[in-house]
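No gaps in the numbering here: position 277 of the sequence shown is 277 in UniProt numbering, and each next residue is one more.
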Amino acid sequence: MQNRVPDGYEDGDKVNVSLRPESAEAADYEVVPVEHYGMAMLRGMGWKEGEGIGKTFKQDVKPLEQKLRPKGLGLGADRSAINDLEPQKPCRPLKPGDKPEEESKGLGTGSAVLIQSGAHKELYGKVEGLDADNCRAMVKLAIGGKVVTVSQFALRLVNSTEYNKYAKDLSRLSKAEPQKQQQDVKEEQRRERSQDREQRRQGDEETREQRRNGHSSSKEKRHRPRSPEKEKEKKRQKQDEQSWLHRDLRVRFIDKRYKGGKYYNSKMLVEDVSSPLTCVCRTESGRILEGKYRLMDTDFGKLLKGPSPATKTQQL
Numbered sequence: 001m002q003n004r005v006p007d008g009y010e011d012g013d014k015v016n017v018s019l020r021p022e023s024a025e026a027a028d029y030e031v032v033p034v035e036h037y038g039m040a041m042l043r044g045m046g047w048k049e050g051e052g053i054g055k056t057f058k059q060d061v062k063p064l065e066q067k068l069r070p071k072g073l074g075l076g077a078d079r080s081a082i083n084d085l086e087p088q089k090p091c092r093p094l095k096p097g098d099k100p101e102e103e104s105k106g107l108g109t110g111s112a113v114l115i116q117s118g119a120h121k122e123l124y125g126k127v128e129g130l131d132a133d134n135c136r137a138m139v140k141l142a143i144g145g146k147v148v149t150v151s152q153f154a155l156r157l158v159n160s161t162e163y164n165k166y167a168k169d170l171s172r173l174s175k176a177e178p179q180k181q182q183q184d185v186k187e188e189q190r191r192e193r194s195q196d197r198e199q200r201r202q203g204d205e206e207t208r209e210q211r212r213n214g215h216s217s218s219k220e221k222r223h224r225p226r227s228p229e230k231e232k233e234k235k236r237q238k239q240d241e242q243s244w245l246h247r248d249l250r251v252r253f254i255d256k257r258y259k260g261g262k263y264y265n266s267k268m269l270v271e272d273v274s275s276p277l278t279c280v281c282r283t284e285s286g287r288i289l290e291g292k293y294r295l296m297d298t299d300f301g302k303l304l305k306g307p308s309p310a311t312k313t314q315q316l
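The following block contains the structure:
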């Protein structure tokens with residue numbers, strides 16, 4: 001022990017107080033940080049910084065340091081989203097004749113942002129206000145002019161050049177739409193292949209069961225070729241049966257390109273349904289909308305699909 005008195009200075013039960021350090025006062029404990037007490041205990045037990053511990057295979061094991069999770073981020077959230085809220089630095093030197101871009105001072109009122117996730121993904125806007133307690137921001141969308149509330153970690157700061165160039169560019173949204181439609185078509189094809197495999201598996205089990213009982217007629221039926229016209233008719237009937245449109249149903253408008261995004265994310269009421277895939281809607285202001293656009297059922301949250309898997313427009 002470092003504070004132990006050397007041998008020969010104390011004999012018997014008598015203690016030489018002059019060899020002992022002075023007693024600590026309450027003020028001394030307040031000055032020393034808490035983590036220093038733990039370091040002092042480890043050093044008193046023979047630990048040295050940078051020296052490996054263990055008996056046979058000594059290793060310098062780095063302790064696991066827990067990082068405080070920011071407010072508003074759950075256990076499954078991506079912490080890298082915090083970096084998008086930091087001011088962006090120029091990645092290349094300025095060329096002769098170029099003007100320096102306006103430096104962002106961080107997320108605040110008036111900051112230009114891009115929404116990266118949620119119902120308003122890929123839309124630009126400007127921050128109208130911040131809710132520090134819940135880590136949310138009120139953003140006024142550049143398309144439509146509506147004020148929406150989103151998480152601060154779903155935003156990415158952009159400079160004025162990018163905002164002025166892409167904020168109201170509807171063609172940017174139309175370029176991403178075909179890719180989304182292709183993904184939906186692939187998902188539909190994958191679902192159909194999965195259903196076919198399930199039907200073949202059930203047919204094989206039925207054949208084996210009937211073969212055990214001495215019946216072989218099901219084998220001929222199973223190998224009989226299917227008619228393409230009948231398959232298309234079955235799919236068409238299935239789509240008609242699954243249609244959820246009916247009168248007095250409240251739906252949400254999710255087409256970002258119709259009328260320049262004027263009715264985006266607004267609620268409407270179905271006035272009339274002439275077929276399982278055709279209807280007429282009325283806005284909250286009483287205006288009747290007609291044309292091709294996309295709807296979402298507010299109760300079920302499913303996109304209304306047209307007769308073709310490659311389209312998601314609805315004739316109203």
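C-beta atoms are modelled at their ideal positions from N, C-alpha and C, and glycine is treated no differently. A quick note: this is a predicted structure, and the numbers were derived from the prediction, not measured.
How about residue i and residue j: do their beta carbons lie closer than 8 Å?
i: residue 146; j: residue 128; result: no
i: residue 112; j: residue 158; result: yes
i: residue 143; j: residue 256; result: yes
i: residue 247; j: residue 272; result: yes
i: residue 118; j: residue 167; result: no
i: residue 283; j: residue 263; result: yes
How big is the Cα-Cα spacing for residue i and residue j?
i: residue 252; j: residue 267; result: 4 Å
i: residue 34; j: residue 106; result: 34 Å
i: residue 186; j: residue 55; result: 58 Å
i: residue 265; j: residue 120; result: 9 Å
i: residue 204; j: residue 191; result: 20 Å
i: residue 44; j: residue 75; result: 38 Å
i: residue 28; j: residue 42; result: 20 Å
i: residue 32; j: residue 66; result: 22 Å
i: residue 18; j: residue 25; result: 18 Å
i: residue 38; j: residue 23; result: 19 Å
i: residue 20; j: residue 47; result: 24 Å
i: residue 221; j: residue 170; result: With a pLDDT of only 49 at residue 221, under 50, the local geometry of the prediction cannot be trusted, and the value read off the model is given with reservation. So the two alpha carbons sit approximately 53 Å from each other.
i: residue 200; j: residue 135; result: 52 Å
i: residue 194; j: residue 202; result: 13 Å
i: residue 317; j: residue 61; result: Nothing about residue 317 can be reported from this structure: the residues present for the chain run from 1 to 316 only.
Whose CA, out of the options, lies closest to the CA of residue i?
i: residue 245; options: 261, 281, 259 and 195; result: 281
i: residue 231; options: 57, 196 and 209; result: 196
i: residue 133; options: 18, 148 and 152; result: 152
i: residue 137; options: 194, 122 and 110; result: 110
i: residue 325; options: 274, 270, 202 and 209; result: An answer regarding residue 325 cannot be provided, because it is not within the stretch 1 to 316 covered by the chain.
i: residue 254; options: 50, 164 and 123; result: 123
Bridge partners of residue i, per DSSP?
i: residue 149; result: 138
i: residue 254; result: Answer by DSSP bridge pairing: none, since residue 254 is not bridged.
i: residue 64; result: Per DSSP, none; premise fails for residue 64.
i: residue 127; result: 139
i: residue 156; result: 114
i: residue 270; result: 281
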